[in-house]
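To start, the structure under review is shown below, and the notes come after it.
2 protein chains.
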Amino acid sequence: MRTEPSAGNSFRIGDLARRAGCSVPTIRYYEEIGLIPRAARGSSGHRAYDNSAIELLGFIRRCRDFGFTIEQTRAIVSLADGRSRACLEARDIAQEHLKTVREKMLELLDLERSLSRFVDACTSLCADGPAPKCTILRDLGLKRSRAGCCV
Amino acid sequence: MRTEPSAGNSFRIGDLARRAGCSVPTIRYYEEIGLIPRAARGSSGHRAYDNSAIELLGFIRRCRDFGFTIEQTRAIVSLADGRSRACLEARDIAQEHLKTVREKMLELLDLERSLSRFVDACTSLCADGPAPKCTILRDLGLKRSRAGCCV
DNA sequence: TCTAAGACCTCAAGCAACTTGAGATGCAAG
DNA sequence: CTTGCATCTCAAGTTGCTTGAGGTCTTAGA
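Going down the list, the sequences are from chains A and B. For the first sequence, our numbering gives the first residue as 16, with consecutive numbering after it. For the second sequence, our numbering gives the first residue as 16, with consecutive numbering after it.
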């Protein structure tokens with residue numbers, strides 16, 4: 016038996032990272048900022064985790080994937096304590112976030128259109144070799160509303 | 016006559032900021048990192064600009080609005096020197112960027128769907144008051160593919 | 001002519017959310 | 001016993017600025 020004291024099936028930070036889908040320094044960082052509790056340490060000083068850590072960290076990773084900030088994530092995590100009404104509070108946070116996501120989507124859509132027009136114009140005007148008359152770059156230097164060439 | 020030496024119609028950083036649509040510290044920052052040239056100084060030490068600065072800074076601002084990184088912007092700016100083929104090189108940078116914009120859009124679309132499902136589920140399950148049986152927060156702690164409630 | 005507001009100056013630190021690096025230690029296999 | 005990987009801590013770097021402190025310059029009003 017070489018296991019740590021009282022460690023049924025605990026594992027170390029590298030395993031946790033692999034199982035929860037994040038990096039080792041990220042886990043240490045989350046601990047440092049108090050997003051996850053301080054890990055128990057074995058005699059070697061290495062952090063020891065169990066399955067509940069995978070769940071928590073997975074939860075956090077999904078929140079982050081959803082684009083919640085760390086502080087939003089912290090709020091949602093602290094809600095997940097079984098209190099009634101916690102669900103509604105989480106919903107409000109999500110709804111707020113949904114609004115910004117939708118705004119960001121509209122911006123990106125706009126951006127996508129502008130960029131693809133730029134690329135198309137460049138291609139059709141200059142594809143056959145150096146086009147000394149191409150004014151695209153010069154046009155970019157003008158007010159966008161007045162740019163005749165593209166974008 | 017109170018004008019600076021050799022200043023026909025030069026103006027200061029605050030005016031430039033207003034006319035180019037960015038903040039004063041941003042201009043100083045751009046100068047510091049060499050994205051724009053070091054401004055001429057009047058006897059007082061204040062920076063002096065002319066119209067060409069508005070053009071350059073406006074160009075940069077539009078690149079940044081388009082989501083180009085500073086380094087991409089720097090590359091595009093350095094292309095805008097009238098060389099032939101510069102246009103095609105700018106196009107390649109834009110095309111590269113367009114690809115990442117499209118990827119980001121798809122991610123956001125996914126995110127939007129997940130979030131709105133979460134919000135809807137919370138609302139319909141819990142809207143009539145505390146719903147002790149709501150499992151949404153608990154579900155979030157499960158693997159996403161197995162989440163029965165929402166998200 | 002004085003004065004007070006506001007614009008400007010520099011330098012330094014702060015922000016998110018990590019990542020990267022240095023230098024030391026632990027641990028398991030050959 | 002050594003080698004090589006995982007871990008540890010602490011510090012600094014990343015991006016693209018923003019904010020703050022503390023000081024100078026300019027300008028309009030009294």
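C-beta atoms are modelled at their ideal positions from N, C-alpha and C, and glycine is treated no differently.
- Selection E47(B), I108(B), S59(B) and I75(B) evaluated against R27(B) yields S59(B) as nearest (Cα-Cα).
- Here Y45(A) is not bridged, per DSSP, to any residue.
- Against chain B, the beta carbon of H61(A) has no neighbour under 9 Å; the closest one sits roughly 26 Å away.
- In this chain, A54(A) is not harboured by any alpha helix (DSSP H), its DSSP state being neither H nor E.
- In the three-state DSSP reduction, F133(A) falls in the helix class (H, G or I).
- In the DSSP annotation of this structure, the continuous segment of the alpha helix (DSSP H) that includes C78(B) starts and ends at N66 to D80.
- Listed as beta-bridge partners of F26(B) by DSSP are Y64(B).
- Linking G82(B) to G36(B) through their CA atoms gives a straight-line distance of about 16 Å.
- Counted as a single uninterrupted DSSP element, the alpha helix (DSSP H) harbouring L94(B) occupies residues I85 to L94.
- Per the coordinates, the alpha-carbon of L121(B) lies some 42 Å from the alpha-carbon of Y64(B).
- Neighbours of G82(B) in chain A, taken as residues whose beta carbon is under 7 Å from its own, are L126 in chain order.
- The region 108-116 of chain A makes contact with the region 123-137 of chain B, as at least three CB pairs between them are under 8 Å.
- Take R128(B), set aside five residues on each side of it, and no residue of its chain has a beta-carbon closer than 8 Å to its own.
- Under the Cβ criterion of 9 Å, V134(B) is counted among the residues facing chain A.
- Contact note: C137(B) reaches chain A through C102, L103, A105, R106 and A109, using a C-beta cutoff of 8 Å and chain order.
- Inter-residue distance for R34(A) and I75(A) is about 13 Å (C-alpha atoms, whole angstroms).
- In its chain, beyond the 5 residues on either side, A63 have a beta carbon closer than 6 Å to the beta carbon of A55(B).
- Annotation for I69(B): R34 and A35 place their beta carbon closer than 6 Å to its own, counting only its chain and skipping 5 residues before and after.
- By the beta-carbon neighbour count (other beta carbons within 10 angstroms, threshold 16), I42(A) is buried.
- Taking 9 Å as the cut-off, the Cβ atoms of C137(A) and L103(B) count as close.
- Contact check for T88(B) and L50(B): beta-carbon distance about 7 Å, within the 8 Å limit, so the pair qualifies.
- For R117(B), the chain A residues whose Cβ falls inside 7 Å of its Cβ are E127, in order along the chain.
- Assignment of C37(B) by DSSP, reduced to helix, strand and coil, places it in the coil class.
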